[in-house]
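Reviewing the structure listed below.
There are 2 protein chains.
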Amino acid sequence: MKHIAESTVRRLSLYLRFLEDYRRQGLETISSGDLASLGGTTSAQVRKDLSFFGSFGTRGLGYSVSALSKRIREILGLEREWRVIIVGAGKIGAALAQYEGFGYRGFKIVGVYDVDQARIGQSLDGVIVKDQQELDGDLKSLKADIVLIAVPPEAAQPLVDRVTKAGIRGVLNFAPAPLHAPAGVTLRSVDMALELEILSYALAAKA
Amino acid sequence: MKHIAESTVRRLSLYLRFLEDYRRQGLETISSGDLASLGGTTSAQVRKDLSFFGSFGTRGLGYSVSALSKRIREILGLEREWRVIIVGAGKIGAALAQYEGFGYRGFKIVGVYDVDQARIGQSLDGVIVKDQQELDGDLKSLKADIVLIAVPPEAAQPLVDRVTKAGIRGVLNFAPAPLHAPAGVTLRSVDMALELEILSYALAAKA
DNA sequence: CGGCGCTTGTGAATGATTTCACAAACTAAC
DNA sequence: GTTAGTTTGTGAAATCATTCACAAGCGCCG
Chain A
1 MKHIAESTVR RLSLYLRFLE DYRRQGLETI SSGDLASLGG TTSAQVRKDL SFFGSFGTRG
61 LGYSVSALSK RIREILGLER EWRVIIVGAG KIGAALAQYE GFGYRGFKIV GVYDVDQARI
121 GQSLDGVIVK DQQELDGDLK SLKADIVLIA VPPEAAQPLV DRVTKAGIRG VLNFAPAPLH
181 APAGVTLRSV DMALELEILS YALAAKA
Chain B
1001 MKHIAESTVR RLSLYLRFLE DYRRQGLETI SSGDLASLGG TTSAQVRKDL SFFGSFGTRG
1061 LGYSVSALSK RIREILGLER EWRVIIVGAG KIGAALAQYE GFGYRGFKIV GVYDVDQARI
1121 GQSLDGVIVK DQQELDGDLK SLKADIVLIA VPPEAAQPLV DRVTKAGIRG VLNFAPAPLH
1181 APAGVTLRSV DMALELEILS YALAAKA
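Protein chains in written order, with the numbering used here: chain A, 1 to 207; chain B, 1001 to 1207.
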């Protein structure tokens, strides 16, 4: 498969949400123009995005909501369950553990870890916070696929090294630190302060 | 000013962090190559990014850490204080209110709002959660610049309409909903489930 | 003060992504 | 069955972003 741009994957994810809205409304077909206006893009963009993976539409009619949903889920790897471990049970870790948005798309939180004795033993939405010393063993025994990093920035890189050594190939980082992972590991970062700074730039540039 | 790509602004933000690290270490100059290796890019990229805003370096030597920090802060609009209001005091809103990463870059949380009586009156890191009915008045009296949206997805778009009507020009949305804002308003979204789905795609594509 | 070594700043080249534009294919209506 | 009206799928064109490559500038050393 040719390399697919991240922007394309991001839009596919969005399209999937619109498709689910449409399904909830009982609609059976959707056109590229509909998807485009919901997502703030153009119909050509939608068709080009989909064309990387095949032809799923019917000319003159549009796309079958259910068939396209299924196909996008397959493409994004959402047909299977992903087992997720959260490291760091502070404010952000706790918020992530209790975030409803994950579960319903097949991301299952199988463990939450911290080094702080005060937090260990607490229950976060049904999952008990465990001692981080147990992390290495649990990564394997719990068959974790993905690790969410919600520890202080200085602890983030050592943690990446540790979990990738244990075989983890997907990491989503919430610590405001630039991290590096070995080849073969996908590491993404969500940096809230950075987003706010980009917003600041936009506001400052307007004024 | 010519239009600057978001990717450039994002990198400038990152450079600023590295510059602050360098300053903490007492180093006075930094080269584009140093900035590049810290940020996982190339020295040409760094120089090109900076060149959009002028020439700040010294050939043969590099950039003055303090001068470049100052200049990037100016560019990003971080020299001034931004007054931020958080709407939604659930898990994510509370985590945002207590996030240390915001304050130290000039983002000041001046209010947190919710509709739930059980949450109103609670203190989050020194800020009392107020009734969302007071939001419209407070947006003006508190001189808010930016609103962070941490409400359920279905409440997000009405909230955008409401705060932009009250004169807010910058919105950072954490609800998993695609939002639209009128021209002149900058709206950015951080969507954690979407990030996980992009990660899922990367993992699924490898297998 | 002259030459060496290093690093910037920037046009030009390349590469990536988006938009355009239109033939082909289908539905629906009569 | 024919026609009118849609909408897809996709090469080609245009735009946008990154990388290359090198002249020019500066510090440092002798």
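Even for Gly, the Cβ is constructed at its ideal location relative to N, Cα and C.
The model shown is predicted, which means the values in this text are computed figures rather than measured ones.
For the region 1182-1196 of chain B, residues whose beta-carbon sits nearer than 7 Å to a beta-carbon of chain A comprise T1186, R1188, V1190, M1192, A1193, L1194, E1195 and L1196. Two segments are said to touch when three or more pairs of C-beta atoms, one from each, lie closer than 8 Å; by this definition the region 1187-1201 of chain B touches the region 182-197 of chain A.
Listed in chain order, the non-local C-beta contacts of V1151(B) below 7 Å within the same chain comprise V1087, G1088, L1159 and A1175, local neighbours out to five positions each way being set aside. Residue pairing from DSSP places R1188(B) in a beta bridge opposite L1172(B).
Under the Cβ distance rule, I128(A) does not count among the residues neighbouring chain B, no pair being separated by less than 8 Å. Beta bridge pairing from DSSP links F107(A) with W82(A). Around the beta carbon of R17(A), 16 or more other beta carbons sit within 10 angstroms, so the residue counts as buried. Closer than 8 Å to the CB of D145(A) there is at least one CB belonging to chain B.
In the three-state scheme derived from DSSP, where H, G and I count as helix and E and B as strand, L139(A) is classed as helix.
Counting the other Cβ atoms within 10 Å of the Cβ of S32(A) gives 16 or more, which makes it buried. Runs of the alpha helix (DSSP H) lying entirely within the region 1002-1073 of chain B, each at least 4 residues long, are 1006-1024, 1032-1039 and 1043-1051 in chain order.
In terms of Cβ geometry, L1096(B) and F102(A) do not form a close pair [threshold 8 Å].
Pairing P1182(B) with T1164(B) gives a Cβ-Cβ distance under 8 Å. Between V9(A) and chain B, the shortest Cβ-Cβ separation is below 8 Å. Out of R1047(B), H1180(B), R1083(B) and S1043(B), the CA that lies nearest to the CA of I1146(B) is found in R1083(B). Here the alpha carbons of Y201(A) and A207(A) stand approximately 10 Å from one another. Contacts with chain B at 8 Å (Cβ-Cβ) include L203(A).
DSSP lists V1127(B) as the bridge partner or partners of L1124(B). Measuring C-alpha to C-alpha distances from A166(A) to each of K143(A), I30(A), S43(A) and V46(A) identifies K143(A) as the nearest.
Take the alpha-carbon of L179(A) and the one of T186(A): they are about 11 Å apart.
Across the structure, R1023(B) and I1075(B) are spaced so that their CA atoms are roughly 19 Å apart. Just so you know, the alpha carbons of I1092(B) and R169(A) end up roughly 27 Å apart.
Listed in chain order, the non-local C-beta contacts of D1136(B) below 6 Å within the same chain comprise A1166, local neighbours out to five positions each way being set aside. Here the alpha carbon of G90(A) sits roughly 11 Å from the alpha carbon of A118(A). Y1015(B) and I1085(B) have their C-alpha atoms spaced approximately 27 Å apart.
Counting C-beta atoms within 10 angstroms of its own C-beta, A1005(B) has fewer than 16 neighbours from the protein chains shown and is therefore classed as exposed.
Listed along chain A, no residue sits closer than 7 Å to A1155(B) by beta-carbon distance, the nearest being about 14 Å off. By the criterion of a C-beta distance shorter than 7 Å, E20(A) is surrounded in its chain by S69, once the five residues flanking it on both sides are discounted. Across the set G111(A), Q122(A) and Y63(A), the C-alpha of G111(A) shows the shortest separation from the C-alpha of K140(A).
Boundaries of the alpha helix (DSSP H) harbouring L1159(B): P1153 to K1165, taken from the DSSP string.
Around K1048(B), no beta-carbon contact reaches into chain A at under 7 Å, the shortest distance being about 17 Å.
Separation of F107(A) and I1198(B) (C-alpha to C-alpha, rounded to the nearest whole angstrom) is 12 Å. Around R1071(B), the same chain offers F1056 as residues with beta carbons nearer than 6 Å, after the five sequence neighbours per side are excluded. Residue D114(A) holds the alpha-carbon nearest to the alpha-carbon of Q132(A) among G39(A), D114(A) and D138(A).
For L1148(B), the enclosing beta strand (DSSP E) stretches over residues I1146 to I1149. Judged by DSSP secondary structure, G93(A) falls within the alpha helix (DSSP H) whose first and last residues are K91 to A97.
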